[in-house]
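Note sheet for the following structure.
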Amino acid sequence: MSYEKLESRFRQYHRLNDLRSILYWDEAVVMPPASGSARADSLGEMGVLIQGLVDQPEVGDWLAHAEAQKPKLQPMQVANLRCMQRIYLENTAVPSDLNRRLTVARGKAEQSWRQLRTDNNWKDFLPQMREVLQLTRESLSALGSAMGLSLYDSALNLHSRGLTTKNVEVLFNELKAFLPGLADRVLAKQGRAQILVPEGVFPVQAQKALCRELMTTLGFDISRGRLDESHHPFCGGNPHDVRITTRYRDNEFISSLLGVLHETGHALYEQNLPREWVEQPVGQPCGMAIHESQSLLMEMQIVHSPEFLEFAAPLMRRHFQEHVKNPKSLETDNLIRLINRVERGWIRVDADEVTYPLHVILRFEIERDLLEDRWPLEELPAVWDIKMRQYLGISTLGNDRNGCMQDVHWPGGAFGYFPAYTFGAVIAAQLFAKIANENPSVRQQIRQGEFQAINTWLRERIWNQGSLHDTLELVESACGPLGTVAYQRHLESRYL
């Protein structure tokens, strides 16, 4: 039966993708610096091999026969077939040679970015970024022609299936209508609050111990995952072997902790995908907007909450009391004010949840324009500075390291990813509002360090659904049509 042949072929496809994901983790965490060029070539070759599993005439024939057999398939198999058809289209639309060249260019640009960003060297990075951008345009153009999508819609669908430029613009316009004014009000209110920043030397080993303690308390299965260090925090690996990374600074511990707990949300999603389907397309995550909703639900809705910090503050004191200069800085009330402090800053990954969407909106508008070639890439630093002053009131002129070079996404070719962060934040607020409505004791459970009820709800409504639905369909099935009301209420309740 053609459907069974497809399951076998896509099982191979996902197993090789699992191996590739570990190679990407290795590159970011432990690979020697001089090995980068060879690794990029190897990953390019591996990408062609993986694409070749799907880009075969027999796969097209099997899909056609399986489509005719749909009445005999179970509902989950029908959904799996739909996902297979999408992957087939994505893999046959882009020529394998273009796929190889883009993979190699991404790998080399990302490795150069690590050093050139440190040196604030946009001039030397520009040629590599130009190559990635041009090859990305070619790839998205081929994909868009096959799927009937614009360049930017094609980019969005690679990361968050079902999102379009139009619905991103609509949601972001709603956010722009209230976020700048809200930020002004919050900054005025918080300007009167006294906040003590914990000072001292915080051993990395103690930070790791606290991170491991809290990530496992939240539900991370350490027998199927790891915690490591990298230049940029991420969650990688695969559902069988989830890899979390963070970066440590010995003069503070908050950023490493929040980074790990954010990535724990991603990891819980991966570790709780439907086990019986995890090597099939329908068993994969729905997309990055949903993935980011899980990390931001964990980080912003839970970890930043007063209830969680009441639970976690004693653990922080146990790990760091002897290392902090001012013990009062580790008191619960101070930590709540500190972790929920709102500031206008350059760096997206360090931004608070009030200003964070403005960082994302800026990137969305820039990458949409870049893909559509509305202005030359050489103008990126100047355009970035204009938008930073427009949305956040600060300048990045001459500071490309903290401006247009600060993120790994564009060197890595991940155009269309950024909207997932803010869609994720909005989805997370709506999901948590639904959880709280159905479980009025949820905040008391968080205060006591009990997360089983939250995880059970998420497992049933989100994690176990895999790719059964697209992004907006999954949100609607879990908590109703997506909107910004719950998100705005959440921000006003917490910060005003």
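To convert, count from 1 in the sequence shown and add 55; that's our numbering.
From the three backbone atoms N, C-alpha and C, an ideal C-beta is built for every residue, glycine too.
These numbers were taken from a predicted model, which means no experiment stands behind them.
Residues bridged to residue i [DSSP beta-bridge criterion]
{"i": "residue 282", "result": "299"}
{"i": "residue 379", "result": "255"}
{"i": "residue 325", "result": "BP columns for residue 325 are empty, so no partner."}
{"i": "residue 146", "result": "Looking at the DSSP assignment, residue 146 forms no beta bridge with any residue, so it has no partner."}
{"i": "residue 32", "result": "Outside the shown range of the chain, which is 56 to 551, sits residue 32, and nothing can be said about it."}
{"i": "residue 354", "result": "According to DSSP, residue 354 bridges with nothing at all."}
{"i": "residue 307", "result": "304"}
N- and C-terminal bounds of the alpha helix (DSSP H) containing residue i
{"i": "residue 419", "result": "411 to 426"}
{"i": "residue 102", "result": "91 to 109"}
{"i": "residue 534", "result": "526 to 534"}
{"i": "residue 234", "result": "220 to 245"}
{"i": "residue 115", "result": "112 to 123"}
{"i": "residue 154", "result": "151 to 173"}
{"i": "residue 389", "result": "387 to 394"}
{"i": "residue 62", "result": "57 to 84"}
{"i": "residue 437", "result": "435 to 447"}
{"i": "residue 541", "result": "540 to 550"}
Any non-hydrogen atom of the ligand NAD closer than 7 angstroms to residue i Cβ
{"i": "residue 492", "result": "In the structure shown, the ligand NAD is absent, as is every other ligand, since no ligand is present at all."}
Residue interval of the beta strand (DSSP E) (run including residue i)
{"i": "residue 341", "result": "Here residue 341 belongs to no beta strand (DSSP E), and DSSP marks it neither H nor E."}
Proximal residues to residue i (C-beta, below 6 angstroms), its chain only, five neighbours per side dropped
{"i": "residue 384", "result": "251, 253"}
{"i": "residue 265", "result": "374"}
{"i": "residue 166", "result": "91"}
{"i": "residue 317", "result": "350, 354"}
{"i": "residue 110", "result": "146, 147"}
{"i": "residue 419", "result": "473, 474"}
{"i": "residue 71", "result": "105"}
{"i": "residue 485", "result": "534, 541"}
{"i": "residue 155", "result": "99, 103"}
{"i": "residue 82", "result": "94"}
{"i": "residue 162", "result": "95, 98"}
{"i": "residue 268", "result": "none"}
Other residues of its chain near residue i: CB distance less than 8 angstroms, five sequence neighbours each side excluded
{"i": "residue 340", "result": "324, 325, 328, 346, 521, 522"}
{"i": "residue 395", "result": "359, 407, 549, 550"}
{"i": "residue 502", "result": "362, 363, 365, 366"}
{"i": "residue 460", "result": "168, 171, 172, 175, 177, 180"}
{"i": "residue 411", "result": "403, 476, 477, 480"}
{"i": "residue 115", "result": "143, 147"}
{"i": "residue 50", "result": "For residue 50 there is no data in the structure shown, the boundaries of the chain being 56 and 551."}
{"i": "residue 153", "result": "190, 193, 194, 197"}
{"i": "residue 61", "result": "114, 117, 118, 121, 136, 139"}
Cβ shell of residue i (< 7 angstroms), same chain only, five flanking positions each side left out
{"i": "residue 361", "result": "391"}
{"i": "residue 244", "result": "551"}
{"i": "residue 158", "result": "98, 99, 102"}
{"i": "residue 297", "result": "279, 280, 290, 322, 325, 326"}
{"i": "residue 192", "result": "206, 426"}
{"i": "residue 470", "result": "191, 210, 422, 426"}
{"i": "residue 381", "result": "251, 254"}
{"i": "residue 80", "result": "291, 292, 298"}
key: Segments of 4+ residues assigned as alpha helix (DSSP H) that fall wholly inside the stretch 488 to 514   = 497 to 502
inquiry  = Does the stretch 350 to 359 come into contact with the stretch 318 to 325, if we say contact requires no fewer than three beta-carbon pairs (one atom in each stretch) closer than 8 angstroms?
reply    = yes
message = I'd like the ranges of any beta strand (DSSP E) spanning at least 3 consecutive residues and lying wholly in the stretch 184 to 219.
response = none
message = So, does the stretch 494 to 508 touch the stretch 361 to 372, judging by three or more C-beta pairs under 8 angstroms?
response = yes
request  = Could you say if the stretch 487 to 496 and the stretch 440 to 459 meet the contact criterion of at least three C-beta pairs nearer than 8 angstroms?
outcome  = no
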